[in-house]
Amino acid sequence: MKRKNRRDNMMKMMAYLIAVLLVSMGLAACTSQQDVESEKPPVTVPDGENPSNPNGPVSEEPEEEVYHNEVFKDVVVTEKADTILVTGKAQVFEGVFQYALYDGEKVVKEGNYQTEGAPAWGEFEITFAKELVSTTTGKLELFVYSAKDGSKINTLEIPIALGN
Numbered sequence: 006m007k008r009k010n011r012r013d014n015m016m017k018m019m020a021y022l023i024a025v026l027l028v029s030m031g032l033a034a035c036t037s038q039q040d041v042e043s044e045k046p047p048v049t050v051p052d053g054e055n056p057s058n059p060n061g062p063v064s065e066e067p068e069e070e071v072y073h074n075e076v077f078k079d080v081v082v083t084e085k086a087d088t089i090l091v092t093g094k095a096q097v098f099e100g101v102f103q104y105a106l107y108d109g110e111k112v113v114k115e116g117n118y119q120t121e122g123a124p125a126w127g128e129f130e131i132t133f134a135k136e137l138v139s140t141t142t143g144k145l146e147l148f149v150y151s152a153k154d155g156s157k158i159n160t161l162e163i164p165i166a167l168g169n
């Protein structure tokens, strides 16, 4: 009698585990379908047309350069009166990344930034004085230190060219 009860209990446990597994797989499949972004295709305007004023000429506005790699996206550099503003999003472990501003080969400012941790894309905003960069070969590096060996990884180099 004990053997039959033990076998029945084992069968019930197996059925329960299979049911839990099937439900988990079903939920995972549903969740992955929801993660797909449904973006609208970009609207293209033929050259010479201005959508806000179809009869008017197209104004020439400088396009913003957008930088990205595996862990940084939508990174834009904006030149203000006496500062440079760098904005973007980062998807980094524990929400921490480092940056270094170079004037030529010399590091003139470095630091770290805390934002939301991965898997979220945390927004960031870094501001520095224009006077820190005097050469035409200035650059900003955004990067993460490897937990494995401490080396720089996922480095995003952004040229800093002042419009003066």
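Residue numbering for the sequence shown follows the working numbering, starting at 6 and increasing by one per position. Think of the CB as a built atom: it goes at the ideal place given N, C-alpha and C, for glycine as much as any other residue.
Proximity of residue i and residue j at Cβ, strictly below 8 Å
i: Gln103; j: Val149; result: yes
i: Gly155; j: Gly122; result: no
i: Thr88; j: Ala134; result: yes
i: Glu146; j: Thr132; result: no
i: Val81; j: Glu69; result: yes
i: Glu136; j: Leu90; result: no
Reduced DSSP secondary structure (H/G/I, E/B, other) of residue i
i: Lys9; result: helix
i: Leu167; result: coil
i: Gly31; result: helix
i: Lys153; result: coil
i: Lys135; result: helix
i: Asn14; result: helix
Contact set for residue i: own chain, Cβ-Cβ below 7 Å, skip 5 residues either direction
i: Val41; result: Low local confidence applies: a pLDDT of 41 at Val41 is under 50, so the model's placement there is unreliable, and no value is given.
i: Lys85; result: none
i: Lys157; result: Phe148, Tyr150
Close-in-space but distant-in-sequence residues of the same chain around residue i (CB under 6 Å, 5 per side omitted)
i: Pro193; result: Summary: the structure shown does not reach residue 193, with the chain confined to residues 6 through 169, and so no result is reported for it.
i: Gly127; result: Ala95, Gly100, Thr120, Glu121
i: Lys17; result: none
i: Val138; result: Asp108, Ile165
i: Lys78; result: Lys94
Residues that residue i bridges to, as DSSP identifies them
i: Phe148; result: Gln103
i: Tyr21; result: According to DSSP, which records beta bridges pairwise, Tyr21 is partnered with nothing at all.
i: Phe129; result: Gly93
i: Glu111; result: It should be pointed out that residue 111 corresponds to Lys in this sequence rather than to Glu. Lys111 is bridged to Asp108.
i: Asn117; result: Gln103
i: Leu161; result: Leu147
i: Lys78; result: Lys94
Three or more C-beta pairs below 8 Å linking the region 107-115 and the region 89-98: Taking 8 Å as the limit for Cβ pairs, the verdict is that the region 89-98 does not touch the region 107-115.
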